[in-house]
Structures are given as structure tokens and as C-alpha cells.
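**Student:** Numbering (the numbering used here), first residue to last: 2 to 451.
Quick one: the structure is below, questions incoming.
Okay, structure coming up:
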């Protein structure tokens, strides 16, 4: 097997087991300005990505290698430009949303594609009812429901209308996070994420319906109402084995330093200043369990994972993360008491950009049988850049443990990337299926013997 030099070098580094406390082991093991190739290395090895005949166009016009657990394989199942979120049907097909084309595709386990739905308004999130008889599709302006039977989605009806998107008259095209995600609770309640219009905007909280929130439609139908607020862009939205709803959130960019003291070598207070070194590692991006009325604080409060708050180079703990007042919009906590908010159960390093979220539901082999999978898109404004990957969070006693990298290697130490995962879902065959909107691909990541 040919091993790229940078991957070979990574394998020789001392890899630490992922834990909730301390700096990123892979990032710290690399020197200088080199970019990490994975968030939390844990006994991963490089493998060549298998590409079927006819699919070897860029970025697969040259050999590509990924990092996976020993014995696992990675192959391109299908080429799907701009592939986003995914869900398995009761019939054993993989549905993939393509918002840019207004369609939803159905893929067989051998990679054959067929159109399922088209002519939609930026379809993104996909979810089935607990009995498998209804498919929910989150479009940018509404949630639609379809009767599902024998591989066909029919009888479209709008169940959550009037969601804001770039076509909303009051927004005049200014909407940075208009794609919606959807999940269904065990009681049939429908949850939909409504992202913020941009990086920071207090007006989003007061809009009708509120943006930067998770809405809930009751099982009996009727208007969707806010279930959780202060959720900047909760693209990751999934229902856990115990029926709880979790969201993975993209945090704000260019956060100003929130403490009235010098940061690093500064000679005077850095309060309110945008310091690049601070921005790279702040704020943490929430992976939160939602409860009725849950407040995640945006844009007034930001999760701060530092064990020594405000100290340059502090170790970071990404579990049970408290929130600190935003120096720009909430100085002194005048708009919201951040210390009174429930700490974030689990989180990603700053600027990870988590997108798809799903639970493995026991179909993968140990130690991945119980846990959550997250597609990490990777940062645009961190130095060094945060690496794209598929992350795994173990499910224990009704909550999620620390982040582990399940699939990495999409980024080399220069920061160059050949792929950016969006979603990862466990298949009925015991493999993981990953969408990648940058490479335009769907991967099958398989454990030994699967």
C-alpha cells in the first residue's frame, strides 16, 4: 500500500486516546503552522480510497488516502455533486439531498442512483417517522411530508409552512444559513432547525418565526413553536436512542476577547478586541441535548472551553462547557446572564463546522455500536485550519462522551483539502455512509468483514 509522506509521518506520532480535557493531541504534535489532519487521533491508519471505474474524476484523478481504524476500508459508492444530508429508507436505500439542484436522490447499496424527488426549494434535511410510513423533507421555506411505500414518496403535504429563507421579503436575499434540517421524535413530533441570517444578529431572536432556533411541531400537527433558542446554526439535528433531540451547532466567527485583561503578550486589556490567536480556538461549537425552552445563548453568550479562562494557551475541556458573555453584544452580561445557562453537554473545537448528525443505533461493531456520528466540514477562519472529518461521540448513560475521529485525512499539513464530509449515517449493512459536498461523492466506510 502506498502511504503519502504526511500520513506516514502522522502514524509515527504518539497518538492519545480522545478525552474531554486537554489540548488537541494531533494539533499539538504538529509543529509550526502545520494544519491538523484530524481532530482527535485514536489509532487510525491510512488507507487508499477505492474508486470504481468511471468515477476517477477530480479529486479522484489521483490517489487519495483517508485515516480510519485498522482494518476498515473506504470506497467511493457514488459521485453526487453537492451531496448534503442523508437518511436510510425502510427499504434499504440511501436518500441524499442535493439542495443546489432542488432534488433528492435514492442510492442503492451498489451505488446505482435514481431520482426520487425534484423541483423542490433547496431540500436539505431528511427524516422518517418512527413507523417508517412518512418521509419528511426540510426545504428552505417549509417542511414537507410524503407518504412512503415500496420505495416511492407520494402525496406531498406541507406540515411546517412559512419558514424564512433568502426569498423572504423582509430579508431581501440576505440569509447566510437558510438550509434547514429535520428530525422526528419517538412521539412523532417534528423538529426543524432555523439558522441565523449571519454571524451575529440580535434581530434573528425577535423575528416571526424566530431564527437561530429549533422549532417543534406537535405530533397532532399544528403550528411549529420554538423548542430551543439561541441556536446560531443547528444544522446537525438528530434523535438519540432515548428519544432526546440533539443539535450540533456552528458557532460565531471573529469573537472578541471577553475578559478585561491582557491576552498573551498584550500590554493592556484586550477586552473587546478581535485577537486572531483567540479567535482560532473560540468559541467551542455546541453538541447539545435539547429540552423544552433550552437557551444556548447566541449571540449574547459563547461557550468557553478553556480550563484557565482568558489565558493564552490554556488547555481546553469540551465537556460541560460553560458560557461567557459576548464582549460585543453582551458586555457585563447586561442582555443575558450567561452563567445561569445550562453548560453545553459536549462540543467541538472552534470552527469545526459540524453539519450532519446521526446516531449509530447498534448497527456498527464495537466500540462504535452506540454513539453519534457527525460530519465535520472544517474551518475557514482558523489558523491552522480545523480539519474536515467524520467524528464519533460514544453514547453512555444518556449522554455523549468525548469526540473521536472515525474518518480523517481529508486535509494535509499545508491546509489543502481534497474532501469535506457533510453527513455520516450508519447503514443496515454495518458500514458508515458519508456524503461529501466538496468532492461530490458518497463514501462507504466499512469495518472488517462488512
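Think of the CB as a built atom: it goes at the ideal place given N, C-alpha and C, for glycine as much as any other residue.
#1: Considering only the beta carbon of each residue, do residue 313 and residue 260 sit closer than 7 Å?
#2: Check residue 206 in the structure and name its three-state DSSP category.
#3: Mark residue 92 as exposed unless 16 or more other C-beta atoms lie within 10 angstroms of its C-beta, in which case mark it buried.
#4: Which term fits residue 166, buried or exposed, when burial requires 16 or more other beta carbons within 10 angstroms of its beta carbon?
#5: Applying the criterion that 16 or more other CB atoms from any shown protein chain within 10 Å of the CB defines a buried residue, is residue 262 buried or exposed?
#6: What are the boundary residues of the alpha helix (DSSP H) that includes residue 277?
#7: In chain order, what residues of the same chain have a beta carbon less than 6 Å from the beta carbon of residue 416, not counting five sequence neighbours either side?
#8: Give me the DSSP bridge partner(s) of residue 349.
#9: Could you spell out where the beta strand (DSSP E) holding residue 395 opens and where it closes?
#10: Please classify residue 440 as buried or exposed, where buried requires at least 16 neighbouring CB atoms within 10 angstroms.
#11: Where DSSP assigns a beta bridge to residue 317, which residues make up the other side?
#12: Let me know if residue 251 comes out buried or exposed under the rule of 16 or more other beta-carbons within 10 Å of its beta-carbon.
#13: Could you tell me the alpha carbon to alpha carbon distance between residue 267 and residue 258, rounded to whole angstroms?
#14: If I measure Cβ to Cβ from residue 24 and keep anything under 7 Å in the same chain, skipping five residues before and after, which residues do I get?
#15: Hey, how far is the Cα of residue 28 from the Cα of residue 396?
#16: Using only the alpha-carbon positions, how far apart do residue 228 and residue 190 sit?
#17: Three-state secondary structure (DSSP) at residue 79?
#18: Within its chain, find whatever has a CB closer than 7 Å to the CB of residue 203; leave out the 5 residues flanking it on each side and keep chain order.
#19: For residue 419, collect the residues of the same chain with a Cβ closer than 7 Å to its Cβ; drop the 5 residues on either side in sequence, then sort them by chain order.
#20: In chain order, what residues of the same chain lie with their CB nearer than 6 Å to the CB of residue 359, ignoring the 5 residues before and after it?
#21: Report back the beta-carbon spacing between residue 255 and residue 275 to the nearest angstrom; my notes put them in contact at under 8 Å.
#22: Please report how far the alpha carbon of residue 76 lies from the alpha carbon of residue 446, in whole angstroms.
#23: Comparing C-alpha positions only, which one of 84, 52 and 380 sits nearest to residue 78?
#24: What residue does the beta strand (DSSP E) around residue 247 start on, and which one ends it?
#25: Exposed or buried, what is residue 141 when buried is set at 16 or more other beta-carbons lying within 10 Å of its beta-carbon?
#26: For the candidate residues 365, 155, 382 and 108, whose alpha-carbon lies nearest to that of residue 281?
#27: Counting only the same chain and skipping the five closest in sequence on each side, list residues whose C-beta sits under 6 Å from that of residue 131.
**Tutor:** Taking the definition as stated:
#1: no
#2: helix
#3: With a 10 Å radius around the Cβ and a threshold of 16 neighbouring Cβ atoms, residue 92 comes out exposed.
#4: It is buried - the Cβ of residue 166 has at least 16 other Cβ atoms within 10 Å.
#5: exposed
#6: 277-281
#7: 36 and 386
#8: 286
#9: 390-397
#10: buried
#11: Bridge partners of residue 317 according to DSSP: 307.
#12: The residue is buried, with at least 16 neighbouring Cβ atoms inside 10 Å.
#13: 12 Å
#14: With a pLDDT of 30 at residue 24, under the threshold of 50, the modelled position of that residue is not reliable, and no figure is offered here.
#15: Confidence is the limiting factor: at residue 28 the pLDDT is only 34, short of 50, which leaves the residue's position unreliable, though a coordinate-based value still follows. Answer to the nearest angstrom: the Cα atoms are 25 Å apart.
#16: Using only the alpha carbons, I get a separation of about 11 Å.
#17: strand
#18: Excluding sequence neighbours, residue 203 sits near 300 and 330.
#19: 60, 65, 411 and 440
#20: 239, 374 and 426
#21: Taking a contact as a CB-CB distance under 8 Å, the pair residue 255 and residue 275 counts as one, their CB atoms being some 5 Å apart.
#22: 7 Å
#23: 52
#24: Counting along the chain, the beta strand (DSSP E) containing residue 247 begins and ends at 246-249.
#25: buried
#26: 382
#27: If you ignore the 5 residues before and after residue 131, its C-beta comes within less than 6 Å of the C-beta of 187, all in its own chain and listed in chain order.
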